[in-house]
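Start counting the sequence shown at -12; every next residue gets the next number (this note's numbering).
C-beta: ideal position from N, C-alpha, C; glycine also.
Everything below concerns the one structure shown next.
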Amino acid sequence: MSDECQPLNLGGRTKEDPCKGAFGYCTPYDYFEMRKMLQVVRNGLVTRLTSYDTMLWERQRKGEKVSYTPATQAALDLCNGDSWNVLAEHGDSNWNYLKMGEELAGPIRTFIEMATRCHAASCDVDAAIRALGGVTPSAPAQPVPTQTIIDQIFKRAGEAAGGVAKFAAIGLALWGGAQFIKAREKGDS
């Protein structure tokens, strides 16, 4: 990995602790957020490989003997092989909303591992581009965390439960006050 490469921001996740749900429980939100992270990092690798490939073609057209280095070839193989296969195997189908817990933890760990590998490969391709005298493409924007429908439902359910609890407390206080007044009236008569 190149010296100028920044660490990949996984949003506080690690392969050992991949989920942000309550008590480390994996939710569909974790699944889709990490899948999106892998897509973004892989797209960054594709952009860098395209830039590198263009530079090689230009130099070869001028008669220079340049080709893929072992690191850039490994990055190309990763891009066209393993990372693509992981995304194809673990799709973005809505059926994944029906999965929870450990059933999601395995794919999430795979996304984290593959995103880390793609990021390291991107750094290697950046170094190869700089070695050819080129300018590296800008880093892809990190995905903005979005709330899934399930997350919104749980959030709204929590808000609704808070509202119900508030009105229940008010109702209980009114009922208690009414009982107190009744008891006083009975004692006075």
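Cβ-Cβ separation, A62 to V112 (assumed contact under 8 Å), whole Å: Here residue 112 refers to the residue found at position 125 when the sequence shown is read from its first residue. Here residue 62 refers to the residue found at position 75 when the sequence shown is read from its first residue. That pair is a contact at about 5 Å.
Spatially closest choice to D64 from V122, C105, L74 and E89, by CA coordinates: Position 77 of the sequence shown, counting from 1, holds the residue named residue 64. The residue with the shortest Cα to Cα distance from D64 is C105.
Boundaries (first-last residue) of the alpha helix (DSSP H) holding E90: Here residue 90 refers to the residue found at position 103 of the sequence shown. Element bounds for E90: E89 to A118.
Contacts around M42, its chain only, beta-carbon distance under 6 Å, and the 5 residues preceding and following it disregarded: Within the sequence shown, residue 42 is the residue found at index 55, counting from 1. Correct list, in chain order: L119 and G121.
Top-ranked residue by Cα proximity to R29, from K2, C(-8), D69 and Y39: Taking the first residue of the sequence shown as position 1, residue 29 is located at position 42. Of K2, C(-8), D69 and Y39, the residue nearest in Cα terms is D69.
Which listed residue (S54, K52 and T97) has its alpha carbon closest to that of E3: Here residue 3 refers to the residue found at position 16 of the sequence shown. Among S54, K52 and T97, the Cα nearest to that of E3 is on T97.
Local Cβ density within 10 Å of E20, reported as buried at 16 or more and exposed below that: Here the question's residue 20 lines up with position 33 in the sequence shown. Per the 10 Å Cβ criterion, buried.
The alpha helix (DSSP H) enclosing N(-4), as first and last residue numbers: Indexing the sequence shown from 1 puts residue -4 at position 9. Per DSSP, N(-4) lies in no alpha helix (DSSP H) segment and is marked neither H nor E.
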